[in-house]
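S.K.: Quick one: structure below, then a few questions.
There are 2 protein chains.
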Amino acid sequence: MAEPLRIALAGLGTVGAGVIRLLETNAALIARRAGRRIEIVAVSARERGKDRGVDIARYAWDDDMTAMAARADVDVVVELVGGSDGPALTLARNAIRSGKALVTANKAMIAHHGVELAEAAEAAGIALKFEAAVAGGIPVIKGLREGAAANAILRVYGILNGTCNYILSTMEDTGRDFAGVLAEAQAKGFAEADPAFDIDGVDTAHKLAILASIAFGSRIDFAPIAPVGIRRVLAADIAQADSLGYRIRLLGMAETETMPENKGGDGRCRLFQRVHPHLVPLDHPLANVDGATNAVVAEGNFSGRLLFQGAGAGDGPTASAVVADLIDIARDMARANGNGGKVGAPFSIPVAELEAMPPAEAGNRVGRAYIRFVVADRPGVLAEITAAMRDAGVSIESLIQKGRPSSGADAGSNDPVLVALVTHDGPEACITEALRLLDGSTSLAEPPLVMHILGE
Amino acid sequence: MAEPLRIALAGLGTVGAGVIRLLETNAALIARRAGRRIEIVAVSARERGKDRGVDIARYAWDDDMTAMAARADVDVVVELVGGSDGPALTLARNAIRSGKALVTANKAMIAHHGVELAEAAEAAGIALKFEAAVAGGIPVIKGLREGAAANAILRVYGILNGTCNYILSTMEDTGRDFAGVLAEAQAKGFAEADPAFDIDGVDTAHKLAILASIAFGSRIDFAPIAPVGIRRVLAADIAQADSLGYRIRLLGMAETETMPENKGGDGRCRLFQRVHPHLVPLDHPLANVDGATNAVVAEGNFSGRLLFQGAGAGDGPTASAVVADLIDIARDMARANGNGGKVGAPFSIPVAELEAMPPAEAGNRVGRAYIRFVVADRPGVLAEITAAMRDAGVSIESLIQKGRPSSGADAGSNDPVLVALVTHDGPEACITEALRLLDGSTSLAEPPLVMHILGE
Numbered sequence: 000m001a002e003p004l005r006i007a008l009a010g011l012g013t014v015g016a017g018v019i020r021l022l023e024t025n026a027a028l029i030a031r032r033a034g035r036r037i038e039i040v041a042v043s044a045r046e047r048g049k050d051r052g053v054d055i056a057r058y059a060w061d062d063d064m065t066a067m068a069a070r071a072d073v074d075v076v077v078e079l080v081g082g083s084d085g086p087a088l089t090l091a092r093n094a095i096r097s098g099k100a101l102v103t104a105n106k107a108m109i110a111h112h113g114v115e116l117a118e119a120a121e122a123a124g125i126a127l128k129f130e131a132a133v134a135g136g137i138p139v140i141k142g143l144r145e146g147a148a149a150n151a152i153l154r155v156y157g158i159l160n161g162t163c164n165y166i167l168s169t170m171e172d173t174g175r176d177f178a179g180v181l182a183e184a185q186a187k188g189f190a191e192a193d194p195a196f197d198i199d200g201v202d203t204a205h206k207l208a209i210l211a212s213i214a215f216g217s218r219i220d221f222a223p224i225a226p227v228g229i230r231r232v233l234a235a236d237i238a239q240a241d242s243l244g245y246r247i248r249l250l251g252m253a254e255t256e257t258m259p260e261n262k263g264g265d266g267r268c269r270l271f272q273r274v275h276p277h278l279v280p281l282d283h284p285l286a287n288v289d290g291a292t293n294a295v296v297a298e299g300n301f302s303g304r305l306l307f308q309g310a311g312a313g314d315g316p317t318a319s320a321v322v323a324d325l326i327d328i329a330r331d332m333a334r335a336n337g338n339g340g341k342v343g344a345p346f347s348i349p350v351a352e353l354e355a356m357p358p359a360e361a362g363n364r365v366g367r368a369y370i371r372f373v374v375a376d377r378p379g380v381l382a383e384i385t386a387a388m389r390d391a392g393v394s395i396e397s398l399i400q401k402g403r404p405s406s407g408a409d410a411g412s413n414d415p416v417l418v419a420l421v422t423h424d425g426p427e428a429c430i431t432e433a434l435r436l437l438d439g440s441t442s443l444a445e446p447p448l449v450m451h452i453l454g455e
Numbered sequence: 000m001a002e003p004l005r006i007a008l009a010g011l012g013t014v015g016a017g018v019i020r021l022l023e024t025n026a027a028l029i030a031r032r033a034g035r036r037i038e039i040v041a042v043s044a045r046e047r048g049k050d051r052g053v054d055i056a057r058y059a060w061d062d063d064m065t066a067m068a069a070r071a072d073v074d075v076v077v078e079l080v081g082g083s084d085g086p087a088l089t090l091a092r093n094a095i096r097s098g099k100a101l102v103t104a105n106k107a108m109i110a111h112h113g114v115e116l117a118e119a120a121e122a123a124g125i126a127l128k129f130e131a132a133v134a135g136g137i138p139v140i141k142g143l144r145e146g147a148a149a150n151a152i153l154r155v156y157g158i159l160n161g162t163c164n165y166i167l168s169t170m171e172d173t174g175r176d177f178a179g180v181l182a183e184a185q186a187k188g189f190a191e192a193d194p195a196f197d198i199d200g201v202d203t204a205h206k207l208a209i210l211a212s213i214a215f216g217s218r219i220d221f222a223p224i225a226p227v228g229i230r231r232v233l234a235a236d237i238a239q240a241d242s243l244g245y246r247i248r249l250l251g252m253a254e255t256e257t258m259p260e261n262k263g264g265d266g267r268c269r270l271f272q273r274v275h276p277h278l279v280p281l282d283h284p285l286a287n288v289d290g291a292t293n294a295v296v297a298e299g300n301f302s303g304r305l306l307f308q309g310a311g312a313g314d315g316p317t318a319s320a321v322v323a324d325l326i327d328i329a330r331d332m333a334r335a336n337g338n339g340g341k342v343g344a345p346f347s348i349p350v351a352e353l354e355a356m357p358p359a360e361a362g363n364r365v366g367r368a369y370i371r372f373v374v375a376d377r378p379g380v381l382a383e384i385t386a387a388m389r390d391a392g393v394s395i396e397s398l399i400q401k402g403r404p405s406s407g408a409d410a411g412s413n414d415p416v417l418v419a420l421v422t423h424d425g426p427e428a429c430i431t432e433a434l435r436l437l438d439g440s441t442s443l444a445e446p447p448l449v450m451h452i453l454g455e
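The listed protein sequences derive, respectively, from chains A and B. Numbering follows numbering that gives the first Met the number 0, with no gaps: position 298 of the first sequence is 297. Numbering follows numbering that gives the first Met the number 0, with no gaps: position 5 of the second sequence is 4.
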């Protein structure tokens, strides 16, 4: 058997400990599949003494994790520190500069600095791999970059955050409201003490930006995403959606659009990226994705709709993706007789050929939407809302008014009332205009919530 | 850009024409992703003049497809002829012997001769790839061989035949019986004129044998599978399953088992492979896979349950998988500067290391089952059945007796009656024994139908 692949592991949280456990448990099988053993040489983390359930005494310890990249006895640096900048980024840059392959699970770092890192990796002729950065244990980066490589991707979208999906599907099952379910999820360890990154959609946006780049050959463009999370979704919205034949899921979605010049556009290919709760039809596979599961759909012009589903987080699944990257590198070394592992362009095509696509305007998009208002219970409110819709050119498919279920047992008659409507297919700009007309209306107790309906 | 990858294409049926269409439509994008153009150099098929909706005049024509392997201007032979033996096999052997990489969609050939071909390909140092042989456009070979490579696979199973799934889900939707739905599927072109390969489970067994080899590192062993197809599934079974909370799906399933010596076994790792209609719980993702869609589940010891879903057949999806293999080879050539494309062991580990696993006995398995009897409507039949179950040690969870819906409007009282029962968890050997006790009973109008219930 060939020389082992020697790795330095930075970051020993649950994922880091999972990688150690996996490499130990499945060592023989991995060596058979990779054509060589994969050996941890050195480890590093903030705290050396902490009990992690794995024995790290057998590995060299580096106090300065960013210096591990310089070790002569290491082929690959595995970065599991996290954070878009700071030590993770320093380590990543050092690793590439030292000619080491880099494997990372760090979605924030790739979303912010992936283009720079990929450029450096390509110039150095070494591998940069990040399967674990998107959708945990699901091999969706590989699925898009290689499995669907023959296709023009028409659209890529999915459930990319397990915490949000757990909360939404628990709200569905129990009829409880967001805050209570979140608190319980935090108590059970399914949500972070500071859950903002997850529930406000930032984590989903990081992953979406990475997927979009690979799917469309565009330079990663995280900044314009402006994610909308799930904080404002009410139990009543979920019940309403259910009665209409939908489930609510936080989706990240990306596609490209080109507005021809004869339609007022500039003929350039633009990138549309959105993170937003959506209404998903019950017969769509994503409607049946429950709990912390993740799922990604890629629509290819020849493959049709491909679905990849599995555990989106957790030490085991994430470690599975990290080690899959290591096995790819080990196999590739076996073939190329190289020593940095040359596994091709990180974003499928070389960075120099990635297109800088300007963001697409949401307003050009045509689709159906669910719009929910919380309104004062008084005459004329419905007329005000429907007039605004008419004046903005929004065609209403159905409208339901319901008293808002109060949390108290005997709610007074002054409780605000929910008005939910579903629009016909139409340009999103019309909805924006309708909401502008209603802006400042004293009839509305809070800003309306718009959720797009996932279309074919 | 590097030299193009030059291919010879044998077989110009719907898939072959699809590959030509794909390579033409997505040429620029494929060149960007593969790092080189992929060019068809020569084509061959049984009939030259046939209209295929694509222009083949620009490619060299070889009357003798098996001779295409000898062309000096070709890097890869793409075999889309079909059939486990005959010209397809001759071409495959010739290609490898001539040092050409081989890409094929031929599940029957790989199931029967995959070990021989992989051995030859490994010895020649060339690529043998067959993503399109299993589950059409879904990159499940790659998903198992690479995406899940870090895991010991505990079980792999799935819906691998679109025709069967189309028939079962149409029976579900319409309440109609098998024969009528099959006839309609044939009329619509969703089922072959001779549908035996599909509906008797042979096609599923071919695919399962390939998946099992990659999942478990075992030598392909198609012979012992003895598939059971869907011919005997009644509309009444589907209705019964539905009322119990299940859908009926034809599954291919494989796992390994080791019977320890202290339990009467020989301590050897054995391969269990089964193709059989199963009852799938409604909350399992496979229960919601409808129409001609395929889906494969792989359970890894770290990844947990991974699901890959998409179009299992059709020219576009199958061409997508064929060309994904070509792109892998093209990328690999770019890196290795080789010229046959060296993309590693076809079955994930080298053939010499694949284990020859003896088949496992189904009887050792423990699970729940649905057993349906068609019985004469007379006193004592239920007692006879339940006594046999008791004597064989089969514990009954529920039992339902229903008059069999006759096809005539006014059915006489002599119509046979359906008795369906669901067992508790127990060894399959007990069910076999119970059915042996009932064998030859004049109370049974036809042999009982056993369908296993998909367990966790």
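Here a beta-carbon is modelled for each residue, glycine too, at the ideal position from N, C-alpha and C. Predicted, not measured: the structure shown is a model, and the values here were computed from it.
Which residues, in chain order, does the region 131 to 146 of chain A contribute to contact with chain B at a C-beta distance below 7 Å?
M.R.: Here the close residues are 136, 137, 138, 141, 142, 145 and 146.
S.K.: On the three-state DSSP scale, how would you describe residue 8(B)?
M.R.: Reduced to three states, the DSSP call for residue 8(B) is strand.
S.K.: Does the contact criterion of 3 or more C-beta pairs under 8 Å hold for the region 158 to 177 of chain B versus the region 356 to 375 of chain B?
M.R.: No: the two stretches stay apart, fewer than three of their Cβ pairs being nearer than 8 Å.
S.K.: Using a Cβ-Cβ distance cut-off of 9 Å, determine whether residue 173(B) contacts chain A.
M.R.: Not one chain A Cβ lies under 9 Å of residue 173(B).
S.K.: With residue 138(B) and residue 147(A) assumed to form a contact (beta carbons below 8 Å), what rounded beta-carbon distance in angstroms separates them?
M.R.: At roughly 7 Å, the Cβ-Cβ gap stays under 8 Å, so residue 138(B) and residue 147(A) are in contact.
S.K.: Taking one C-beta from the region 254 to 268 of chain A and one from the region 221 to 231 of chain A each time, how about it: are there three or more such pairs within less than 8 Å?
M.R.: No, the region 254 to 268 of chain A does not touch the region 221 to 231 of chain A.
S.K.: Helix, strand or coil for residue 189(A) per DSSP?
M.R.: DSSP places residue 189(A) in coil when its eight states are reduced to three.
S.K.: Answer with buried or exposed for residue 410(B), where buried requires no fewer than 16 other C-beta atoms within 10 angstroms of its C-beta.
M.R.: Here residue 410(B) scores only 46 on pLDDT, less than 50, and its place in the model should not be relied on; the value that follows carries that caveat. So residue 410(B) ends up on the exposed side.
S.K.: Starting from the beta carbon of residue 323(A), find every residue of chain B whose beta carbon is closer than 8 Å, and list them in chain order.
M.R.: Here the neighbours are 145, 146, 147, 148 and 149.
S.K.: Taking Cβ-Cβ distances shorter than 8 Å, what residues in chain B pair up with residue 25(A)?
M.R.: Chain B residues near residue 25(A): 149, 150, 151, 300 and 301.
S.K.: Is the beta carbon of residue 274(A) closer than 9 Å to that of residue 133(A)?
M.R.: It is not a contact, given that the beta carbons lie outside the stated cut-off.
S.K.: Cβ of residue 189(A) less than 9 Å from any chain B Cβ?
M.R.: False, the Cβ-Cβ gap to chain B never drops below 9 Å.
S.K.: On the three-state DSSP scale, how would you describe residue 339(A)?
M.R.: Note that residue 339(A) has pLDDT 40, beneath the 50 cutoff, so the model's placement of it is unreliable and the number below is only indicative. If DSSP states are grouped into helix, strand and coil, residue 339(A) belongs with coil.
S.K.: Terminal residues of the continuous alpha helix (DSSP H) containing residue 196(B)?
M.R.: Looking at the DSSP string, the run of the alpha helix (DSSP H) that includes residue 196(B) is 195 to 198.
S.K.: With a threshold of 9 Å between beta-carbons, can residue 455(B) be considered close to chain A, or not?
M.R.: Not one chain A Cβ lies under 9 Å of residue 455(B).
S.K.: Go to residue 242(A), then tell me how far its alpha helix (DSSP H) extends in each direction, as first and last residue.
M.R.: Counting along the chain, the alpha helix (DSSP H) containing residue 242(A) begins and ends at 234 to 243.
S.K.: Taking only the alpha-carbon atoms, compute the straight-line gap between residue 251(A) and residue 421(B) and give it to the nearest angstrom.
M.R.: Between residue 251(A) and residue 421(B), the C-alpha separation is close to 42 Å.
S.K.: Using a Cβ-Cβ distance under 9 Å, would residue 3(B) count as near chain A?
M.R.: Not closer than 9 Å to any Cβ of chain A, the Cβ of residue 3(B) fails to qualify, so no.
S.K.: Take residue 51(B) and list the residues in its own chain whose beta-carbon comes closer than 6 Å to its own, dropping the five residues that flank it on each side.
M.R.: Result list for residue 51(B): 11 and 16, in chain order.
S.K.: Are the beta-carbon atoms of residue 127(A) and residue 345(A) separated by less than 9 Å?
M.R.: Yes, they are a contact pair.
S.K.: Return yes when at least one heavy atom of the ligand ZN lies under 8 Å from the C-beta of residue 454(B), else no.
M.R.: Absence of the ligand ZN from the depicted structure is noted, as is the absence of any ligand whatsoever, leaving it without description.
S.K.: Give a yes or no on whether the minimum CB-CB distance between residue 287(A) and chain B is below 9 Å.
M.R.: It does: the Cβ of residue 287(A) has a partner Cβ on chain B nearer than 9 Å.
S.K.: Would residue 65(A) and residue 89(A) qualify as a contact pair, given that the criterion is a beta-carbon distance under 9 Å?
M.R.: Contact: yes.
S.K.: Whose CA, out of 416(B), 262(B) and 393(B), lies closest to the CA of residue 379(B)?
M.R.: Out of 416(B), 262(B) and 393(B), 416(B) has the C-alpha closest to the C-alpha of residue 379(B).
S.K.: Taking Cβ positions only, does residue 408(A) come closer than 9 Å to chain B?
M.R.: Below a pLDDT of 50, predicted positions are generally treated as unreliable, and residue 408(A), at 45, falls in that range; no measurement from the model is reported.
S.K.: Starting from residue 152(B), follow its DSSP beta bridges and name the residues at the other end.
M.R.: Its beta-bridge partners are 299(B).
S.K.: Taking the C-alpha atoms as reference points, what is the distance between residue 442(B) and residue 253(B)?
M.R.: Near 35 Å, if we compare the C-alpha coordinates of residue 253(B) and residue 442(B).
S.K.: Using a Cβ-Cβ cut-off of 7 Å (strictly less than) and excluding sequence neighbours within five positions of residue 47(B), which residues of its own chain qualify?
M.R.: 60, listed in sequence order.
S.K.: Tell me which residues of the region 232 to 255 of chain B have at least one Cβ-Cβ distance to chain A shorter than 8 Å, keeping chain order.
M.R.: Answer in chain order: no residues at all.
S.K.: Cβ closer than 7 Å: which chain A residues qualify as neighbours of residue 309(B)?
M.R.: Those are 302, 303, 304, 305 and 306, listed as they occur along chain A.
S.K.: I'd like to know if residue 316(A) contacts chain B, where contact means its C-beta is closer than 9 Å to some C-beta of that chain.
M.R.: It does; some Cβ of chain B falls within 9 Å.
S.K.: Taking residue 95(A) as the reference, give the member of 298(A), 75(A) and 428(A) with the closest Cα.
M.R.: That would be 75(A), whose Cα lies nearest to the Cα of residue 95(A).
S.K.: What residues of chain B sit near residue 62(A), judged by a beta carbon separation below 8 Å?
M.R.: Under the 8 Å cutoff, chain B gives no residues; its nearest Cβ is about 29 Å from residue 62(A).
S.K.: Find out if the Cβ-Cβ distance for the pair residue 237(A), residue 279(A) is shorter than 9 Å.
M.R.: No, they are not a contact pair.
S.K.: Buried or exposed: where does residue 194(A) fall if 16 or more other Cβ atoms within 10 Å of its Cβ makes it buried?
M.R.: Classification of residue 194(A): buried, given that the 10 Å Cβ count is 16 or more.
S.K.: With 16 as the cutoff for other CB atoms within 10 Å, does residue 423(A) come out buried or exposed?
M.R.: Exposed, by the Cβ-count rule.
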